[in-house]
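Visitor: Quick one: the structure is below, questions incoming.
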Amino acid sequence: MEKFEKIHGVAAPMPLINIDTDMIIPKVHLKTIKRSGLGVVLFDEMRYHEDGSENEDFVLNKPAYRNAEILVAGDNFGCGSSREHAPWAIKDFGIKVVISTSFADIFFNNCFKNGILPIVVSPEEHETLMADAQKGENARMTVDLENQEITTSDGEVIKFDVDPHKKHCLLNGLDDIGLTMEKAEYIDRFESQAVQSRPWV
Amino acid sequence: MSPKTLYDKIWDAHVVHEAEDGTCLLYIDRHLVHEVTSPQAFEGLRMAGRKVRAPEKTIAVPDHNVPTTPDRVNGIENEESRIQVEALDKNARDFGIHYYPVNDIRQGIVHIVGPEQGWTLPGMTVVCGDSHTATHGAFGALAHGIGTSEVEHVLATQTLIQKKSKNMKVEITGKLQPGVTAKDITLAVIGETGTAGGTGYVIEYCGEAIRDLSMEGRMTVCNMAIEGGARAGLIAPDEKTFEYVKGRPHAPKGAQWEAALAWWKTLYSDDDAHWDKVVTIRGEDIAPVVTWGTSPEDVLPITATVPNPEDFEGGKVEAARRSIEYMGLKPGQKLSDIEIDTVFIGSCTNGRIEDLRAAAEILKGKKIKDGIRAMVVPGSGLVRAQAEEEGIADIFKEAGFEWRLAGCSMCLAMNPDQLSPGERCAATSNRNFEGRQGRGGRTHLLSPAMAAAAAITGKLTDVRELM
């Protein structure tokens, strides 16, 4: 995984709450056996009309937001299924940070596995960031994971929390499986004890 | 020892390693796999030259993509679906994991097959690349959905990197009224807590109304824990659980059964355990419910009317307005006046034998309304066979239902079973999201008995009027 660098980019506003994984990527696009190339169908049913033409009212189709790297979204973003196609599509589009007041659990975890930083902020901070995102292309936000800071286009600084282990992995582009395999002796020991204590498993 | 919840006990029994910051490596007892969320994980293993660490604890079955019409024995027509299922065939073979192929009678929806075959046992950790893994919590197992990267992680290491969730108790006291089922309980809970109400928690469902449920009903309740935002939902095992598990193909036998039973009987929340959040609902207060909107929290008793968006607060005002427009409804309209085009009975929420029995009970000797498309999709080949043996299949067929083969079917429309734009469906599945059952399709979630009632009258109907 590539290392997560400091981001200075356009933030797209999506104030709708409960944006679910079916909205992020409808099931017709889950039939792939690859991880790549899903950016073009991100938010498919909102982004395109039924004839395949672009819905120009949709935020990511507006000239200001076509190259957005940050998404400021309404509460409970990513609810629904466990499909990792949702973060794959977001990443492939070029979005590296999603900011909301809350995220669904599985989606939240899936983001970190794919080099995307989901940030939880308070409702007040969310209002500030949403207003900043609505200013368009000239209002660029900065997201600094190292120092856990978002800086609005006006220079207002908002601090955020992140799990230290997840931060470390993102900043260093570390692969979880490799890290866990270094703990193989613990797994071996657990398994040999479990064979005694719970042999039916 | 300090008092513990059921979740605490299962968690503690599975910690392989705990880092200073509380990040744990959790051992996984059962890993269920289906064709949609696994191909990239197996590909990752191949690229890194890794093996499946515990193939004997890994079980795969295709369910999302498979057609449910009888002609599927001749192969899957849709090329992308076929490729995904073929990839699972190959991966199961190459990595030596347990597998139930499409035309095996034991094939079905992964969350129905696991318990049916005795793979799911009390006190286990169970994961699957599917959010409805919560279903297995009905056995007092810690079961939850994971993404594909985590599928790969579990395949390679038989562990997951986890932080512990908080404990939430949902108690349903007293008795249910006639016509009220497990589905109404689980929808009513989400209606009460909202779709993010469980975020950060593992829910334990308890109380007399939960204890009174069959294992099938408990699976329905836990299945939708994810719709309430929780990582998992579980129910303490009891005699009903042990009775259900005993004798299943992969359940322990002989001395191992006795040893297992002794441990399972310790799996309950201690009286003075700490709960971070408690929700109590009186069983008597729960009515047969339906959803009116595009979020599972949009739940109301069938006797209610479509709400006015202005009655909500904050972001929900706009979300409700959007939902009502998408659903083609009007505020103030009676829910029981909403006419439907299609009825779908099935899914990992309501595709078990008891669900089919409940619907058949209402349909017995009746016909569905002219022009209604109605299908029943048993959750597994074995559920289907049992329903045929009990004469339930005949009741459905005589009423005018299509009698399908097992699979996820119209719950998520990755297969040929889909809604057309604007088509309105009474569905026993778990999600009413925009486009969930097909682009532009409109979904009302309800219980199997309520779905049967809707099929007869052609509109959303209070099942109590037909009892």
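So the protein lines, in turn, are chains A and B. Going by numbering that gives the first Met the number 0, the first sequence opens with residue 0, and the numbers climb by one from there. Going by numbering that gives the first Met the number 0, the second sequence opens with residue 0, and the numbers climb by one from there. Backbone N, C-alpha and C define an ideal beta-carbon position, used for all residues, glycine too. Keep in mind that this is a model prediction, so the values were computed, not measured.
Suppose the cutoff is 6 Å on Cβ atoms and the five residues either side in sequence are ignored; what does the same chain contact list for B/A286 look like?
Guide: Contacts found: P300.
Visitor: Going by C-alpha to C-alpha distance, which of B/M413, B/R441, B/A12 and B/Y26 sits closest to B/S322?
Guide: For B/S322, the nearest C-alpha among the options comes from B/R441.
Visitor: I want to verify the contact list: residues of chain B whose CB lies under 7 Å from the CB of A/F189, in sequence order.
Guide: The contacting residues are V15 and Y26.
Visitor: Compare the C-beta of B/Q106 with all C-beta atoms of chain A and state if any pair is closer than 9 Å.
Guide: No, no contact with chain A.
Visitor: Kindly indicate if chain B contains any beta-carbon less than 9 Å away from that of A/A183.
Guide: It does: the Cβ of A/A183 has a partner Cβ on chain B nearer than 9 Å.
Visitor: Restricting to Cα atoms, I'd like to know which of B/R351, B/I145 and B/E312 is closest to B/G380.
Guide: Measuring from the Cα of B/G380, the nearest candidate turns out to be B/R351.
Visitor: Please list, in chain order, the residues of the stretch 65-81 of chain A that have any C-beta partner in chain B closer than 8 Å.
Guide: Answer in chain order: G73, D74, N75, C78, G79, S80 and S81.
Visitor: Considering only the alpha carbon of each residue, which of A/G177, A/V58, A/I115 and A/E181 lies closest to A/I204?
Guide: Absent from the model: residue 204 of chain A. The displayed extent of chain A is 0 to 200, so no value can be given.
Visitor: Residues of the stretch 135-158 of chain A in Cβ contact with chain B at a cutoff of 9 Å, in chain order, please.
Guide: Going along the stretch 135-158 of chain A in chain order, one finds no residue with a Cβ nearer than 9 Å to chain B.
Visitor: Return the CA-CA distance between B/A454 and B/E19, expressed in angstroms with no decimal places.
Guide: Distance between the alpha carbons of B/A454 and B/E19: 57 Å.
Visitor: Jot down the residue ranges of each uninterrupted alpha helix (DSSP H) in the stretch 76-122 of chain B, minimum 4 residues, whole runs only, in chain order.
Guide: Qualifying alpha helix (DSSP H) stretches, in chain order: 78-94 and 109-115.
Visitor: Any beta carbon from chain C within less than 9 Å of A/E4's own beta carbon?
Guide: Here chain C cannot be found, since the structure's protein chains are A and B.
Visitor: A/V40: which of A/P12, A/K90, A/G77 and A/N113 sits nearest, CA to CA?
Guide: Of the candidates A/P12, A/K90, A/G77 and A/N113, the one whose C-alpha sits nearest the C-alpha of A/V40 is A/K90.
Visitor: Taking the Cβ atom as the reference point for each residue, do B/C424 and B/S346 lie within a distance shorter than 9 Å?
Guide: No, Cβ-Cβ distance for B/C424 and B/S346 is not below 9 Å.
Visitor: Could you give the first and the last residue of the continuous alpha helix (DSSP H) run that contains B/N166?
Guide: Careful: B/N166 lies outside any alpha helix (DSSP H), inside the beta strand (DSSP E) at K165 to T172.
Visitor: Taking 9 Å as the CB-CB limit, is A/A130 close to chain B?
Guide: It does not: the Cβ of A/A130 has no partner Cβ on chain B nearer than 9 Å.
Visitor: Return the chain-ordered list of same chain residues with a C-beta closer than 7 Å to the C-beta of B/A155, the five sequence neighbours on each side being excluded.
Guide: Closer than 7 Å at the Cβ level, and outside the excluded window around B/A155, lie L44, R49 and R52.
Visitor: Please go through the same chain and pick out, in chain order, the residues whose beta-carbon is closer than 8 Å to the beta-carbon of B/T147, but skip the five residues on each side of it.
Guide: Correct list, in chain order: T36, S37, Q39, A40 and G128.
Visitor: CB B/V220 to CB B/A195, shorter than 9 Å?
Guide: Contact flag unset, no.
Visitor: Which whole-angstrom value describes the C-beta separation of A/I69 and A/G135, a residue pair presumed to lie in contact below a C-beta threshold of 8 Å?
Guide: Not quite, the Cβ-Cβ distance comes to about 13 Å (not below 8 Å), so this is no contact.
Visitor: So if I threshold CB-CB distances at 7 Å, which residues from the stretch 164-176 of chain A count as touching chain B?
Guide: So the list reads H164, D175 and I176, given in the order they occur along the chain.
Visitor: Would you say B/P330 lies against chain A (beta-carbon separation less than 9 Å)?
Guide: No - not a single Cβ of chain A is within 9 Å of the one on B/P330.
Visitor: Going straight from the alpha carbon of B/A211 to that of B/A357, what length do you get?
Guide: The question names Ala, but residue 211 of chain B is Asp in the sequence shown. Their backbone Cα atoms lie some 16 Å apart in a straight line.
Visitor: State whether the stretch 1-20 of chain B contacts the stretch 272-291 of chain B, with contact taken as three or more CB pairs (one from each stretch) at a distance under 8 Å.
Guide: The stretch 1-20 of chain B vs the stretch 272-291 of chain B: in contact.
Visitor: Given a limit of 7 Å on CB to CB distance, which residues of the stretch 128-145 of chain B reach chain A?
Guide: Correct list: G128, D129, S130, G144 and I145.
Visitor: Any contact between the stretch 6-20 of chain A and the stretch 180-190 of chain A? By contact I mean 3 or more CB pairs, one from each, below 8 Å.
Guide: Too few Cβ pairs lie closer than 8 Å, so no.
Visitor: For B/H16, does the three-state DSSP call read helix, strand or coil?
Guide: Looking at B/H16 - three-state DSSP - the assignment turns out to be strand.
Visitor: Do B/T132 and B/G144 have their CB atoms nearer than 9 Å?
Guide: Cβ distance < 9 Å, so B/T132 and B/G144 count as in contact.
Visitor: Of the residues that make up the stretch 8-38 of chain A, which ones have a beta carbon closer than 9 Å to any beta carbon in chain B?
Guide: For the stretch 8-38 of chain A, which is checked against every Cβ of chain B, the residues closer than 9 Å are P14, L15, I16, N17, D19, T20, D21, M22, P25, K26, V27, L29, K30, T31, I32, K33 and R34.
Visitor: Is it buried or exposed, B/M466, if we count other Cβ atoms within 10 angstroms and call 16 or more buried?
Guide: Exposed, since its Cβ has fewer than 16 Cβ neighbours within 10 Å.
Visitor: Which residue wins for smallest C-alpha separation from A/G73, given the options A/R34, A/F102, A/K61 and A/Y47?
Guide: Nearest C-alpha to A/G73: A/F102.
Visitor: Given that a residue counts as buried once 16 or more other Cβ atoms are within 10 Å of its Cβ, and exposed if not, what is B/M413?
Guide: The residue is buried, with at least 16 neighbouring Cβ atoms inside 10 Å.
Visitor: If I follow the unbroken alpha helix (DSSP H) through B/Q161, where does it start and stop?
Guide: Premise fails: B/Q161 lies in the beta strand (DSSP E), T158 to Q161, not in any alpha helix (DSSP H).
Visitor: For B/R441, does the three-state DSSP call read helix, strand or coil?
Guide: In the structure shown, B/R441 sits in a strand (DSSP, three-state: E or B).
Visitor: Beta strand (DSSP E) containing B/Q127: first to last residue?
Guide: Just to set this straight, residue 127 of chain B is Cys in the shown sequence, not Gln. Taken as a continuous stretch (DSSP letters only), the beta strand (DSSP E) holding B/C127 covers T124 to C127.
Visitor: Cutting at 6 Å between CB atoms, please list the residues of its own chain near B/E58, excluding the five before and the five after it.
Guide: Correcting the residue identity first, residue 58 of chain B is Ile in this sequence and not Glu. Correct list, in chain order: L31, H97 and W118.
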